[in-house]
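Under my numbering, the letters of the sequence shown match residues 5 to 238, in that order.
Report on the following structure.
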Amino acid sequence: MILAKETKFFSTFFTEKKVKECGGKNTTLGCLKQRMTAPVTPASSKVSAYLESLPEWSRSICAGLRRIALSADPSIYEDWKWGPNYASNGMVCGWSAFKEHVKLTFFNGSAMKDPLGLFNHCVDNDFNRSIKFTRTDKINENQLKQYIRESVAVNKAGFKRVAKNEKADAPPALLAALKKDKKALAFFEALTPGYRNDYIQQVLSAKQEKTKQARIAKIVAACAEGRKPNEQYK
């Protein structure tokens, strides 16, 4: 059922072309009912408010990702966990907007095949895989729906998030760099074990010394500004 307060927002998803594609309906709501398969949830209003706060270029991309996610599979529903999130037997994907890019993250991406080579961010993460869009990128709806449906299938098959090296110690090079910035060190030490491990794994997964040093510099800068791993690139 479509709530009245959501109708105004959802109408922005559909151009006149989309309305024609829905059998010539002369109202956006009629088109919405045919194309959107997911129910409106309590999180929908929060997602709508977040969208309205974004600059026009990123709002346009995120609105498209929202429409695609909600229409990709009938089992998907909208949620809010750290940001807009789409779930079916667990978290499937979510999008977030940054200063210069928008990111679509698949929370079980490490178990996905990526046949089209779309994953271009977080490729070293234990679980997540992301697709990063800039303001000039075009979104291929069919390709994204293919990935979302695969993610749904992975969850349905019983995917479990099991971290590698969950209790790994911080590399000496990272600790040495953090100790040079008291604010960064204090923030790092105050993080939950999971967040600390996320930063540690970024360093441990680097295959070249140059890459490792670059990641350490970014981690120290993020900690100095009070940013957790999921906020690192804001």
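Cβ coordinates follow ideal geometry from the N, Cα and C atoms, glycine included.
Here the structure is a predicted model, which is why all the values come from computation and not from measurement.
For isoleucine 65 against isoleucine 143, the beta-carbon gap comes to about 7 angstroms, under 8 angstroms, which counts as contact. Linking alanine 221 to serine 48 through their CA atoms gives a straight-line distance of about 37 angstroms. Secondary structure at glycine 98: strand, using DSSP grouped into helix, strand and coil.
By the Cβ neighbour-count rule, phenylalanine 110 is buried, with 16 or more other Cβ atoms within 10 Å of its own. Take cysteine 97, set aside five residues on each side of it, and the residues of its chain with a beta-carbon closer than 7 angstroms to its own are Ala73, Tyr90, Leu108, Thr109, Phe110, Phe111, Ile152 and Ser155, in chain order.
Alanine 101 counts as buried, since no fewer than 16 other beta carbons sit within 10 angstroms of its beta carbon. Counting along the chain, phenylalanine 137 sits inside the beta strand (DSSP E) bounded by residues 133 to 137. Taking C-beta atoms as the reference points, leucine 120 and glutamine 147 count as a pair closer than 8 angstroms. Rounded to whole angstroms, valine 158 and lysine 186 show a C-alpha spacing of 43 angstroms. In the three-state reduction of the DSSP assignment, leucine 182 falls in the helix class. When secondary structure is reduced to three states using DSSP, asparagine 201 falls in the helix class.
Approximately 35 angstroms separates the beta-carbon atoms of lysine 216 and alanine 161; this is outside 8 angstroms, ruling out the contact. In this structure, the CA atom of serine 57 is about 10 angstroms from the CA atom of valine 51. Between the beta-carbon of proline 88 and that of arginine 70 there is about 7 angstroms, and that keeps the pair under the 8 angstroms contact cut.
Taking C-beta atoms as the reference points, aspartate 118 and arginine 133 count as a pair closer than 8 angstroms.
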